[in-house]
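First the structure, in the form of structure tokens, and then the observations on it.
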Ligand code: F0G
């Protein structure tokens, strides 16, 4: 079934609502608001069976892919999704590897640490993607769109994982890739991936927020932006909750929990849930919990009213954006910079904050913060279950613990936490275990 004319871009501001053709490469409307990919067509619920059947891929990489398995729900290419030749012509894929190994797992030791029944708690290791993080889910769709519009070079700023993912897909597609890196502030394993995949590294003096600004400016002249402000990134990342829900047989959990950085994940989870609910595929809406690092807590400060007392909300499309600008100005004047050892989420100006707020409003979400040592303990306890994750992903685990202690997450609630990336900072666990004072440390013997 071909769906010509089904997909378009639309500004997220309900008062503005400007629309653009699907081939537009703008990441904002002309008034500076973020864009959504929209579909006129409502997918039939019986597709749930099709998605399930594709778990036996029957020789197709587009069924094997944990992203393209759900291709009817992100069909911005407007292709006949059953025609595998059309899929091959249009859809970028690392031979079906993206999103293929991630699903929710029970991890008993992590559950014990959190204080939740193991049967009610799942962690979904998105680090088991080919480049080692959840980014591959959205990069594969962004690069598909880049290919659709004939882009020769993709560009991103990154705390490391985005650049690894962009570099990987660019190499596979034979296109150029420039990655803007905050000098000295990314894990060595991530930087080395970008080099390995042949990306052009651009070192920026400053932090991620500075790197993003510079990359967006430069991409206007020459390049296609693949950061999560790109609405096509968000489409692919919807498959993270799709896979979680499918593995739970579409029995909606009470909570989905993410670390919060630029808020692409929060935005995509919110969009996925809004769409599923609107189509009647789910009857209940899980609540999203976003966990910031204590040292990079913009969303938490604004959402919880810890700056100027006002609790920032989407407010049905009329958020108080002045408050956000005042917060940024205040931090700039005082020279306050985001600081956490979890460099993946060391972000002060989350580019998707408005979409994030929309997701939180739709899901009655919550936001909290956790310390670096809490994230390290969580990363370590995940390891004791035989699973691997990076420090920022630990936020999802200890965030649940904290929200349970506050009785925001109730003791019988069902919770899915997303482990966003694999360990790429080899010395972090070594240093952790060398210090006997750490909760899960097993120091070496002589
Ligand atoms: N976890 C990991 C492992 C990440 O790499 C990131 C973001 C996040 C969480 C935050 O996700 O931005 O969707 O809220 N890393 C980006 C990068 C910024 O450049 O790799 P978000």
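Residue numbers (this note's numbering): 2 to 447.
By construction, the Cβ of each residue, glycine as well, lies at the ideal position given by its N, Cα and C atoms.
On a predicted model such as this, the values are computed, not experimentally measured, just so you know.
How is the beta strand (DSSP E) around residue i delimited, first residue to last?
| i | result |
| --- | --- |
| residue 40 | 36 to 40 |
| residue 122 | 122 to 126 |
| residue 154 | 154 to 158 |
| residue 417 | 416 to 420 |
| residue 181 | 177 to 183 |
Any heavy atom of the ligand F0G closer than 7 Å to the beta-carbon of residue i?
| i | result |
| --- | --- |
| residue 264 | yes |
| residue 346 | yes |
| residue 366 | no |
| residue 188 | no |
| residue 162 | yes |
| residue 384 | no |
| residue 24 | no |
| residue 136 | yes |
| residue 260 | yes |
| residue 99 | no |
| residue 391 | yes |
| residue 394 | yes |
| residue 229 | yes |
| residue 341 | no |
| residue 370 | no |
| residue 159 | yes |
| residue 421 | yes |
| residue 267 | yes |
Please work out which residues of its chain come closer than 8 Å, Cβ to Cβ, to residue i, disregarding the five sequence neighbours upstream and downstream, and give them in chain order.
| i | result |
| --- | --- |
| residue 197 | 168 |
| residue 16 | 318 and 319 |
| residue 21 | 9, 10, 11, 27, 30 and 36 |
| residue 413 | 118 and 121 |
| residue 150 | 24, 26 and 225 |
| residue 255 | 287, 288, 410, 411, 414, 415 and 416 |
| residue 51 | 73 |
Along the alpha helix (DSSP H) that carries residue i, what are the first and last residues, could you check?
| i | result |
| --- | --- |
| residue 359 | 354 to 364 |
| residue 382 | 373 to 384 |
| residue 130 | Per DSSP, residue 130 belongs to no alpha helix (DSSP H) and is neither H nor E. |
| residue 296 | Where residue 296 is concerned, there is no enclosing alpha helix (DSSP H), given that its DSSP letter is neither H nor E. |
| residue 430 | 428 to 435 |
| residue 186 | Neither: residue 186 is in no alpha helix (DSSP H) and is coded neither H nor E. |
| residue 51 | 48 to 54 |
Could you name the residues of the same chain whose beta carbon sits closer than 7 Å to that of residue i, not counting the 5 residues immediately before and after it, in chain order?
| i | result |
| --- | --- |
| residue 305 | 312 and 368 |
| residue 188 | 161, 344, 425 and 426 |
| residue 278 | 286 |
| residue 136 | 162, 163 and 166 |
Below 6 Å CB to CB, which residues in the same chain sit around residue i once its five sequence neighbours on both sides are set aside?
| i | result |
| --- | --- |
| residue 358 | 315 and 320 |
| residue 262 | 346 and 348 |
* 4 or more residues per run - each alpha helix (DSSP H) lying fully within the region 188 to 257 -> Every unbroken stretch of the alpha helix (DSSP H) spanning 4 or more residues and falling wholly within the region 188 to 257 is given here in chain order: 189 to 197, 209 to 222, 232 to 238 and 240 to 248.
* What are the complete beta strand (DSSP E) segments, minimum 3 residues, inside the region 6 to 35? -> Counting only unbroken stretches of 3 or more residues, the beta strand (DSSP E) elements lying wholly within the region 6 to 35 are 8 to 12 and 20 to 22, in sequence order.
* To do: Only counting runs of 4 or more residues, tell me where the alpha helix (DSSP H) segments fall wholly within the region 60 to 96, in order along the chain.
  => Runs of the alpha helix (DSSP H) inside the region 60 to 96: 62 to 65 and 85 to 91.
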